[in-house]
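Shown next, in structure tokens, is the structure this report addresses.
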Amino acid sequence: MIYRSGRHFLQIPGPTNVPERVLRAVSQATIDHRGPEFSRLALEIFDGLRQVFKTAGTVVIFPSSGTGAWEASLANTLSPGDKVLMFDTGYFAALWREVALKLGLDVDFVSGDWRHGVDPAVVEVRLAEDREMKIKAVAVVHNETSTGVTSQIHEVRKAIDRTGHPALLLVDTISSLASIDYRHDEWGVDVSVCCSQKGLMLPPGLGLNAVSAKALEAAQSARLPRSYWDWRAMIRDNQKGLFPYTPATNLLYGLRESLRMLFEEGLDRVFRRHLRHAEATRRAVRAWGLEIFCLNPEEYSPALTTVVMPKGQDADALRKLVLERFDLSLGTGLGKLKGKVFRIGHLGDFNDLMLAGTLCGVEMGLSLASVPFSKGGVAAALDFLSSP
């Protein structure tokens, strides 16, 4: 192994860079998870998470990935054979569908081109046609990490309300929470799904559910099998700052620190920072003469930008070259986008100079890989970043 000087640029859209403050917090000595010190830690975290989700309701934390939090959202609210309306907006939306199918749910999977978010008009039509109220839940990915497309959850909520349909609204916020403005209560979301390794700036290992009163009521009659993912035991013990089984204590140390950092910066400033870095990145992509994968400007993601390679060019070959030459990790194309796109993550613990370094690495890589493009993307981004 050859030592590589300097820092590694981890610019995939998750896991994101873990700040030094969070790493130091995680490194603390483990404590008794049934003792008073831990209880105070947990209660502070639950209060902080409610502020980030913008809910006055219940938040549940599992030792898991986001996939576990997906399963928890379904297992706690639905019964075998229940119908769920889902949307093919990208790779992760398709994976959530697979979880639902494996649980024995009946999935109505609305087709999509991956370049647009969920169409609220389609939601309204599907629910209006469901006169027998067979659809028990609508499941939407807020920010699709594979495509850089953000669906308009507040508009989806309005569409559901116009029909008067009682279906639950389940939302994947895995790459949006703490990066993009999100309002669990105001938007009438019943279960918000998240995890630790993106906007919350932690290593992987925590899965989150924010839960409405309506979802808690549904959980009383839900008949899908649940043990590890059962909200009831969690909520019972969480009231005292405890857990029904061993929690990820050291990750919770880190979560407390990351929440403090978010509040020190201020959530509104966090969201503006992400919007600014996203716009600078898109200006670079356009100056390079490359195509942004998301087609609707109103759905551009503040958390990442997915870039289409010119025809005949291999995105993974570019990614390999950039990693080897500049120690810069870019996101790969997933599913049907494999080799056709690369993804630039600009979320989490991130600033102007980190973005400038990332875009420099991409521009040098495009040149070295002999990809047809126009130079000047970095300059376009820097002009934007340095403007008053």
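Here the sequence shown is numbered in our numbering, starting from 152 and rising by one per residue. We treat Cβ as the ideally placed atom computed from N, Cα and C, and that holds for glycine. Note that this is a predicted model, so its numbers are computed, not measured.
With three or more CB-CB distances shorter than 8 Å, the stretch 190-202 counts as touching the stretch 403-412. Approximately 5 Å separates the beta-carbon atoms of Leu426 and Pro453; this is inside 8 Å, confirming the contact.
Bridge partners of Tyr451 according to DSSP: Val300. Listed in chain order, the non-local C-beta contacts of Ile331 below 7 Å within the same chain comprise Asn294, Thr301, Phe422, His425, Pro453, Ala454, local neighbours out to five positions each way being set aside.
The C-alpha of Glu368 lies about 11 Å from the C-alpha of Leu319. Beta-bridge analysis with DSSP links Met237 to Phe260, Ala290. In this structure, DSSP gives Ala180 a state outside helix and strand, which the three-state scheme calls coil.
Closest option to Ile304, judged by alpha-carbon separation, among His335, Thr457, Leu536, Ala364: His335. Between the C-alpha atoms of Leu321 and Thr457 there is a straight-line separation of about 25 Å. For Val421, the uninterrupted alpha helix (DSSP H) segment begins and ends at 418-438.
Per DSSP, the continuous beta strand (DSSP E) segment holding Leu161 begins and ends at 160-162. Between Val362 and Val258 the beta-carbon gap is near 22 Å, outside 8 Å, which marks them as no contact. Nearest to His428 by C-alpha distance, out of Phe477, Gly463, Asp503, Gly417, is Asp503.
When DSSP assignments are scanned along the stretch 191-227, the uninterrupted stretches of alpha helix (DSSP H) that are 4 or more residues long and fall wholly within it turn out to be 217-226. In the three-state scheme derived from DSSP, where H, G and I count as helix and E and B as strand, Gly186 is classed as coil. Secondary structure at Leu353: coil, using DSSP grouped into helix, strand and coil. For Arg387, the enclosing alpha helix (DSSP H) begins and ends at 382-389. Within its own chain, the residues whose Cβ lies closer than 8 Å to the Cβ of Gly268, once the five positions on either side in sequence are excluded, are Thr240, Glu295, Val300, Thr301, Ser302, Gln303, Asn447, Glu450, listed in chain order. Within its own chain, the residues whose Cβ lies closer than 7 Å to the Cβ of Thr228, once the five positions on either side in sequence are excluded, are Ala288, Leu319, Val342, Ala366, Ala369, Ala370, Ala373, listed in chain order. Within the stretch 307-360, the complete beta strand (DSSP E) segments at least 3 residues long are 319-323, 342-346, listed from N- to C-terminus. The distance from the Cβ of Arg494 to that of Ile163 is about 7 Å, consistent with a contact at the 8 Å cut-off. Sequence-distant Cβ neighbours of Met237 in its own chain, meaning closer than 6 Å and more than five residues away, are Arg248, Val258, Phe260, Ala290. In the displayed model, Leu402 falls within a helix according to three-state DSSP. Judged by DSSP in its simplified three-state form, Glu275 adopts helix. Gly516 has its alpha-carbon roughly 16 Å from the corresponding atom of Ala530. Taken atom to atom, the span from the alpha-carbon of Pro395 to that of Leu357 is near 15 Å. Across the set Cys445, Ser215, Asp500, the C-alpha of Asp500 shows the shortest separation from the C-alpha of Met352. A distance below 8 Å between beta-carbons, with the five flanking residues on each side excluded, links Leu174 to the following residues of its chain, in chain order: Gly405. Taken through DSSP and simplified to helix, strand or coil, Ser409 comes out as helix.
In the DSSP assignment, Leu479 falls within the beta strand (DSSP E) that extends over 479-483. Contact check for Ala226 and Arg377: beta-carbon distance about 4 Å, within the 8 Å limit, so the pair qualifies.
Relative to the Cα of Pro523, the nearest Cα in the group Ala438, Phe535, Leu498, Leu481 belongs to Ala438. Ranked by Cα distance from Leu488, the options Gln464, Cys511, Asp478 are led by Gln464.
With a 10 Å radius around the Cβ and a threshold of 16 neighbouring Cβ atoms, Asp312 comes out exposed. Taking C-beta separations shorter than 7 Å and ignoring five residues to either side along the sequence, the partners of Val273 in its chain run Val261, following chain order. DSSP places Val250 within a helical segment (H, G or I) once states are collapsed to three.
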